[in-house]
Amino acid sequence: MKAAPFDYCRPASIAEAVRALESADGDGKVIAGGQSLVPVLAMRLGRPAILVDINRVPGLDTIEKIDDTTVRVGALVRHSMLIDQTHLPLLSEAAKWIGHSAIRTRGTTGGSIAHADPSAELPVVATALGALVHVHGPGGTRTVGADELFVGPLETSLDENEIVTAVDFRIPDRAGFAEFARRHGDFGLVTVAVAEVRGAVRISIGGVGAIPIRPHAAEEILADGPTTDTKIAEAARLAATAITAASDLHASADYRVAMTEEFTLRALNQAIGNKAGVH
Ligand SMILES: Cc1cc2nc3c(=O)[nH]c(=O)nc-3n(C[C@H](O)[C@H](O)[C@H](O)COP(=O)(O)OP(=O)(O)OC[C@H]3O[C@@H](n4cnc5c(N)ncnc54)[C@H](O)[C@@H]3O)c2cc1C
Numbered sequence: 268m269k270a271a272p273f274d275y276c277r278p279a280s281i282a283e284a285v286r287a288l289e290s291a292d293g294d295g296k297v298i299a300g301g302q303s304l305v306p307v308l309a310m311r312l313g314r315p316a317i318l319v320d321i322n323r324v325p326g327l328d329t330i331e332k333i334d335d336t337t338v339r340v341g342a343l344v345r346h347s348m349l350i351d352q353t354h355l356p357l358l359s360e361a362a363k364w365i366g367h368s369a370i371r372t373r374g375t376t377g378g379s380i381a382h383a384d385p386s387a388e389l390p391v392v393a394t395a396l397g398a399l400v401h402v403h404g405p406g407g408t409r410t411v412g413a414d415e416l417f418v419g420p421l422e423t424s425l426d427e428n429e430i431v432t433a434v435d436f437r438i439p440d441r442a443g444f445a446e447f448a449r450r451h452g453d454f455g456l457v458t459v460a461v462a463e464v465r466g467a468v469r470i471s472i473g474g475v476g477a478i479p480i481r482p483h484a485a486e487e488i489l490a491d492g493p494t495t496d497t498k499i500a501e502a503a504r505l506a507a508t509a510i511t512a513a514s515d516l517h518a519s520a521d522y523r524v525a526m527t528e529e530f531t532l533r534a535l536n537q538a539i540g541n542k543a544g545v546h
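Read left to right, the sequence shown gives residues 268 to 546 (this note's numbering).
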């Protein structure tokens, strides 16, 4: 299918891009890598009046370690660049699981975060790391925590005229990542990221809910006393009880629950067990 007609602009600054969205009166869309938006347009699931292409806005395509605790990733950083960076191995590992090489070459960090696909890897990692998302809108700039950003499938708390400019990912002390996908390049059926940040273990599970899920009961039992294998197994079991799994063409609800427990166990073992992790 072909997209419905639309206007197109390629602003030279973020302020200009925000003005273009504002003047579209709710009928404009940012385009970055186009890897999610173009299929939406082609299938006519969306018919924006104007596309605001941010690819020529300078300064959005860098990865910078801003201090010992934080790595700042610009909105236009491609998934392939995330794989190559060495500041944050968890991010590198997660990005390897995104689609295929062509998608990773075009798709962007800001696009993945703004698109908020419940099965996408980067929102899961952002949630595990308590990432801060920088946005620019008509009222100026602000930051939104990952826990407040994702509100539903393909839905964020951002205003329609706000643009993601960068994401600050915290550098964890230890981390683990495990994903189960039916075929290489498919969206994960279950994706789990675990990060220990300043002594606290955060677990984030994707693909089994509307947004990345934090199983708080599982995190809490890991907060007290020594981390034993029994405790890790119990945390994984509790994590599986935190999801509301549904059956569909790809898997039954029971299977999803079982996979959530198994892949949480694997990610926890990598991060805080005795096995090597993606630290
Ligand atoms: C075949 C296929 C397989 C895929 N597999 C996976 C996978 O396994 N895992 C995965 O995570 N993703 C997967 N993707 C999606 C891919 O990662 C996309 O790159 C990503 O979801 C969106 O990034 P983008 O830059 O392409 O965004 P675009 O397609 O340009 O935009 C997507 C949405 O985000 C908005 N947007 C984009 N940038 C910004 C911004 N800076 N600020 C505000 N809004 C913005 C757009 O308006 C649009 O609504 C797949 C895509 C395809 C086509």
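Positions of the beta carbon are idealized from the N, C-alpha and C atoms, including for glycine.
{"Check": "H401 and T410 closer than 8 angstroms at C-beta", "Outcome": "yes"}
{"Check": "At least three beta-carbon pairs within less than 8 angstroms, the region 510-525 to the region 436-443", "Outcome": "no"}
{"Check": "Any non-hydrogen atom of ligand 1 within 7 angstroms of P306 CB", "Outcome": "yes"}
{"Check": "The region 352-368 in contact with the region 318-329 per 3-pair CB rule at 8 angstroms", "Outcome": "no"}
{"Check": "Validate contact between the region 529-543 and the region 454-462 using beta carbons, cut 8 angstroms, 3 pairs", "Outcome": "yes"}
{"Check": "Run of the alpha helix (DSSP H) containing S471, from where it starts to where it stops", "Outcome": "Unbroken run through S471 is the beta strand (DSSP E), A467 to G473; no alpha helix (DSSP H)."}
{"Check": "Outcome for T376 when other beta-carbon atoms lying within 10 angstroms are tallied against a minimum of 16", "Outcome": "buried"}
{"Check": "Test item: CB-CB of I430 and I281 under 8 angstroms", "Outcome": "yes"}
{"Check": "Near ligand 1: K296 beta-carbon under 7 angstroms from a heavy atom", "Outcome": "yes"}
{"Check": "Contact check, G378 vs I365, beta carbons under 8 angstroms", "Outcome": "no"}
{"Check": "As assigned by DSSP and simplified to three states, the class of G419", "Outcome": "strand"}
{"Check": "Proximity below 8 angstroms, CB of T372 to CB of R339", "Outcome": "no"}
{"Check": "P390 to G492 span [Cα, whole Å]", "Outcome": "30 angstroms"}
{"Check": "Cβ pair P315, D292 closer than 8 angstroms", "Outcome": "no"}
{"Check": "C-alpha distance - K269 paired with L318, whole-angstrom precision", "Outcome": "15 angstroms"}
{"Check": "Chain-order list of residues whose beta-carbon lies under 8 angstroms from that of T337 (same chain, five-residue window excluded)", "Outcome": "D435, F436, R437 and I438"}
{"Check": "Beta strand (DSSP E) segments (min. 3 residues) lying fully within the region 271-346", "Outcome": "274-276, 295-298, 317-320, 330-334 and 337-341"}
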